[in-house]
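What follows is a set of notes on a single structure, which appears directly below.
In this note's numbering, the protein residues as written are 10 to 466.
Pasting the structure below:
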């Protein structure tokens, strides 16, 4: 996978290194040429500064502060008189041949010399210096000019790293914003005015895609809801016609066929109702939380399913866990419709899978910042190997008894997810299934939970 950050850093740093190398070479070459010019100027200055007295010249060479560095530079001074005789030689070294006036380079033995000759009225002065000495001194001076560039390189690289990181920060922020969004959130991205203009086309394209996805998803959910709604009416009419025909004797049978038809028709009606509930939950956006009484919701749910529980000879009741008492309203911040639909699905599922003569309890509890609703039954429970899959839509374990479509717990899980509640399943110690729904009592706690979930993501 190609990385924009690595691409930018690679090209910028490599390009900077190449440009710096070229600049360093140019600076070094220029400094070296200028140093050679300075040394040529030094040779000419020494030649012009020699006094006319030979003895004085020797004394000056040894003691005068103006020439205290001549020995370090290994400068050779030679003087010929007007007759062409060598009258002065400054070093214990081989004498160089007399050269024409001006600058020249000669080779003597294995050493090269840079020579400057100066013709004066009564003498000829020749000043020479080894090229190796000049090169060493020029190299040292040139290197001295390069240390600022060497210091500037790491500073420039650090600046490039910082600038690239800051420049790509909006892309990282956009990625984190998309990563922390809910799967069901298809609203447009809301970006502040600090968004760079280079990223705005990307954000606009994403918002356009989200809008089209939202329209397509809404159309699909609307179709499912409409189909479920349209199916429910003819099925209810068919149920009534079957009951009427069975009561007035128009439909005659041994009873088993009519019972099987009635059972399957009831199953189809319940499936359509579950699909309708699921479609509505998928289609609805997140609702605002309001103050709601858990005790009132629990009492209403128990009352609604009392006839079904009585028909199956199941003891259905509402219990309160300490410190909650029957007189407490158990007010929490939640979506009343969502909590009610969730509890109804859990009670309906528990009644249908609990054998006749069993027991189903709805338990309300508040502990600190959390509220909890548990639906406890003494049915067969769920095998441990199926515990992770029972929340999937249309999944039914191999050992599941009774009729059903595998949507009850899936609907409950979907409602809990949409309302930011936690749903957990476990088998009871004495048998049966315990379905626990928990959430924060206050909106502040809910926001804390949502932030924690985002942090974990």
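In this text, a Cβ means the ideal position worked out from N, Cα and C, and glycines have one as well.
Keep in mind that this is a model prediction, so the values were computed, not measured.
Beta-carbon proximity check, residue 306 vs residue 345, cutoff 8 angstroms: Taking the chain shown and counting its residues from 1, one reaches residue 306 at position 297. Taking the chain shown and counting its residues from 1, one reaches residue 345 at position 336. One thing to note: residue 306 has its Cβ within 8 angstroms of the Cβ of residue 345.
Compute the Euclidean distance between the alpha carbons of residue 11 and residue 17, then round it to the nearest angstrom. For the purposes of this step, residue 11 is identified with residue 2 of the chain shown, where counting begins at 1. For the purposes of this step, residue 17 is identified with residue 8 of the chain shown, where counting begins at 1. Each residue's alpha carbon lies about 11 angstroms from the other.
Whole-angstrom Cβ separation of residue 375 and residue 436, contact assumed at under 8 angstroms? In the chain shown, residue 375 corresponds to position 366, counting from 1. In the chain shown, residue 436 corresponds to position 427, counting from 1. The Cβ separation is near 24 angstroms, so there is no contact.
What are the uninterrupted segments assigned as beta strand (DSSP E) that are 3 or more residues long and contained completely in the region 280-362, given in chain order? Counting only runs of 3 or more residues that sit fully inside the region 280-362, the beta strand (DSSP E) segments are 299-302, 324-329 and 340-343, in chain order.
Where residue 107 sits in the DSSP three-state scheme: Within the chain shown, numbered from 1, the residue matching residue 107 stands at position 98. Residue 107 falls in the coil class under three-state DSSP.
Measuring CA to CA, which of 138, 146, 25 and 57 is closest to residue 43? For this step, residue 43 is matched to residue 34 along the chain shown. Nearest neighbour of residue 43 by Cα position, chosen from 138, 146, 25 and 57, turns out to be 146.
Just reading off the beta strand (DSSP E) that residue 486 is part of, what are its end residues? Since the first residue shown for the chain is 10 and the last is 466, residue 486 is missing from the structure and cannot be characterised.
Rounded to whole angstroms, what is the Cα-Cα separation between residue 378 and residue 255? Position 369 of the chain shown, counted from the first residue, corresponds to residue 378. Position 246 of the chain shown, counted from the first residue, corresponds to residue 255. Cα to Cα, the separation comes out at about 55 angstroms.
Quick one: grab the DSSP three-state call for residue 190. By 1-based counting over the chain shown, the position of residue 190 is 181. DSSP places residue 190 in coil when its eight states are reduced to three.
Taking the alpha-carbon positions, what's the residue 329 to residue 368 distance? Reading the chain shown from its first residue, position 320 is the one you call residue 329. Reading the chain shown from its first residue, position 359 is the one you call residue 368. Within the model, the alpha-carbon separation for residue 329 versus residue 368 is close to 16 angstroms.
Does the structure place the region 87-96 close enough to the region 104-112 that three or more beta carbon pairs sit under 8 angstroms? Under the three-pair Cβ rule at 8 angstroms, the region 104-112 counts as touching the region 87-96.
Outcome for residue 397 when other beta-carbon atoms lying within 10 angstroms are tallied against a minimum of 16: For this step, residue 397 is matched to residue 388 along the chain shown. By the 16-neighbour rule on beta-carbons within 10 angstroms, residue 397 is exposed.
My assumption, with CB atoms under 8 angstroms, is that residue 169 sits in contact with residue 21. Please give the rounded CB distance. Locating residue 169 in the chain shown gives position 160, where the first residue counts as 1. Locating residue 21 in the chain shown gives position 12, where the first residue counts as 1. Between the beta-carbon of residue 169 and that of residue 21 there is about 5 angstroms, and that keeps the pair under the 8 angstroms contact cut.
Between the Cα of residue 335 and those of 151, 308 and 349, spot the shortest distance and give me the residue it belongs to. Your numbering for residue 335 matches position 326 in the chain shown. Taking only the C-alpha atoms, the option nearest residue 335 is 308.
Within 10 angstroms of the Cβ of residue 122, are there 16 or more other Cβ atoms? Answer buried if so, exposed if not. Here residue 122 refers to the residue found at position 113 when the chain shown is read from its first residue. Under this definition residue 122 is a buried residue.
So, residue 143 versus residue 48, is the Cβ gap smaller than 8 angstroms? As a first step, residue 143 must be located in the chain shown, where it is residue number 134. As a first step, residue 48 must be located in the chain shown, where it is residue number 39. Taking 8 angstroms as the Cβ cut-off, residue 143 and residue 48 qualify as a contacting pair.
Which one or two residues does DSSP pair with residue 112 in a beta bridge? As a first step, residue 112 is located in the chain shown; it is residue number 103 there, counting from the start. 125, per the DSSP bridge assignment.
Nearest-angstrom Cα distance between residue 416 and residue 181? Taking the first residue of the chain shown as position 1, residue 416 is located at position 407. Taking the first residue of the chain shown as position 1, residue 181 is located at position 172. Looking at the two C-alpha atoms, the distance is approximately 39 angstroms.
Tell me the DSSP secondary structure of residue 153 in three-state form. Walking along the chain shown from the start, residue 153 turns up at place 144. DSSP places residue 153 in helix when its eight states are reduced to three.
If I follow the unbroken alpha helix (DSSP H) through residue 19, where does it start and stop? Counting from one through the chain shown, the residue named residue 19 turns up at place 10. Segment 13-58, the alpha helix (DSSP H) holding residue 19.
Do residue 109 and residue 93 have their C-beta atoms within less than 8 angstroms of each other? Within the chain shown, the letter at position 100 stands for residue 109. Within the chain shown, the letter at position 84 stands for residue 93. For residue 109 and residue 93, no; Cβs fall outside 8 angstroms.
DSSP three-state call for residue 452: helix, strand or coil? Looking up residue 452 in the chain shown gives position 443. With a pLDDT of only 46 at residue 452, under the threshold of 50, the placement of this residue in the model should not be trusted; the figure read from the coordinates follows. Helix.
Here's the rule I'm using: 16 or more other beta-carbon atoms within 10 Å means buried, otherwise exposed. How should residue 217 be labelled? Residue numbering aside, residue 217 sits at position 208 when the chain shown is read from its first letter. Flag for residue 217 reads exposed.
Residues near residue 27 by beta carbon distance below 7 angstroms, same chain, minus five either side: Working through the chain shown from its first residue, we reach residue 27 at position 18. Nothing meets the Cβ criterion.
Please state whether DSSP places residue 179 in a helix, a strand or coil. Here residue 179 corresponds to residue number 170 of the chain shown, with the count starting at 1. In the structure shown, the three-state DSSP call for residue 179 is helix.
Are there 16 or more other CB atoms within 10 angstroms of the CB of residue 116, so buried, or fewer, so exposed? One-based indexing of the chain shown puts residue 116 at position 107. Exposed, by the Cβ-count rule.
Reduced DSSP category for residue 86 - H, G, I as helix; E, B as strand; rest coil: As a first step, residue 86 is located in the chain shown; it is residue number 77 there, counting from the start. If DSSP states are grouped into helix, strand and coil, residue 86 belongs with the strands.
Buried or exposed by the 16-neighbour rule on C-beta atoms within 10 Å, applied to residue 24: For the purposes of this step, residue 24 is identified with residue 15 of the chain shown, where counting begins at 1. When all chains shown are included, residue 24 counts as exposed.
Enclosing beta strand (DSSP E) for residue 400 [first to last residue]: Position 391 of the chain shown, counted from the start, is the residue given in the question as residue 400. Here residue 400 belongs to no beta strand (DSSP E), and DSSP marks it neither H nor E.
Please name the residue, chosen from 178, 177 and 198, that lies closest to residue 187 on a Cα-to-Cα basis. Looking up residue 187 in the chain shown gives position 178. With distances taken between CA atoms, residue 187 lies nearest to 198 out of 178, 177 and 198.
Alpha carbon of residue 151 to alpha carbon of residue 189, nearest angstrom: Taking the first residue of the chain shown as 1, we reach residue 151 at position 142. Taking the first residue of the chain shown as 1, we reach residue 189 at position 180. For residue 151 and residue 189, the distance between alpha carbons rounds to 57 angstroms.
Alpha-carbon spacing of residue 230 relative to residue 446, whole angstroms: Your numbering for residue 230 matches position 221 in the chain shown. Your numbering for residue 446 matches position 437 in the chain shown. Just so you know, the alpha carbons of residue 230 and residue 446 end up roughly 26 angstroms apart.
Measure the C-alpha to C-alpha separation of residue 433 and residue 444 and round it to an integer number of angstroms. Working through the chain shown from its first residue, we reach residue 433 at position 424. Working through the chain shown from its first residue, we reach residue 444 at position 435. Whole-angstrom Cα-Cα distance: 6 angstroms.
So the alpha helix (DSSP H) residue 429 belongs to, where does it begin and stop? Along the chain shown, read from residue 1 onward, the residue named residue 429 stands at position 420. First-last for residue 429: undefined, no H or E at that position.
Mapping DSSP to helix, strand and coil, what is residue 120? As a working note, residue 120 is residue 111 in the chain shown. DSSP places residue 120 in strand when its eight states are reduced to three.
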